[in-house]
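To start, the structure itself, in structure tokens.
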Amino acid sequence: MPAIEGINHITLTVTDVERSRQWYESVLGFRTLNVLEIGGYRMVVLGDPRSGTVLALDRQAGAEGGPFDETRTGLDHLSFAVRDTDELRAWRAHLEQLGVPHSPMSEDPFGLVLVFRDPDNIQLELFAPFRPGATTGGAVLEPSGGD
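If you're matching positions, the sequence shown starts at -6 in my numbering and goes up one per residue.
Encoded structure:
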């Protein structure tokens, strides 16, 4: 079987490309790599300079608009990996400083997660995985009932 090398990019359909571009840059630190405008179609390609993650934002001509709903077929959520619990706590403080509503840090079977939403209600996660024996701040990462 041929190999997949990883995810090349993710494209999200949004209601306002410029508003979303500004949000992803200010909240998550993405930078604009390219802006494509072809026959009324506009796409902004963003990149995260630290992880190399590429995210494209577009507005489809026939899109129904309205807020995102993860209960419909398609994307459920987008999860960004962070190094450890300390990094997740730093992200929580960053979101709070910007006034971005978010969930408490909570556990799922694989690690700690912080959930928030973009301007179109697309669910985003910051995820710090549990690794056997991994430590952060001198403590072994083990399920503890949340943060």
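Just so you know, even glycine gets a beta-carbon here, dropped at the ideal spot from N, CA and C.
When you compare only the Cα positions, how much space is there between Leu39 and Pro102? 31 Å
Backbone CA spacing between Gln116 and Glu18 [nearest angstrom]: 17 Å
Roughly how many angstroms lie between the CA atoms of Asp9 and Arg52, to the nearest whole one? Each residue's Cα considered, the two are about 7 Å apart.
In whole angstroms, what separates the C-alpha of Thr6 from that of Leu50? The alpha-carbon atoms of Thr6 and Leu50 are separated by roughly 6 Å.
So, is Ala74 buried or exposed, given that buried needs 16 or more other C-beta atoms within 10 angstroms? exposed
With 8 Å set as the bound, which would you pick, yes or no: does the beta-carbon of Met36 sit closer than that to a beta-carbon of chain B? The chain inventory of the structure shown lacks chain B, comprising one protein chain alone.
Mapping DSSP to helix, strand and coil, what is Ala121? strand
Taking C-beta to C-beta, are Thr25 and Arg14 nearer than 8 Å? yes
Over what stretch of residues does the beta strand (DSSP E) that includes Ala49 continue unbroken? DSSP places Ala49 inside the beta strand (DSSP E), whose first and last residues are Val47 to Asp51.
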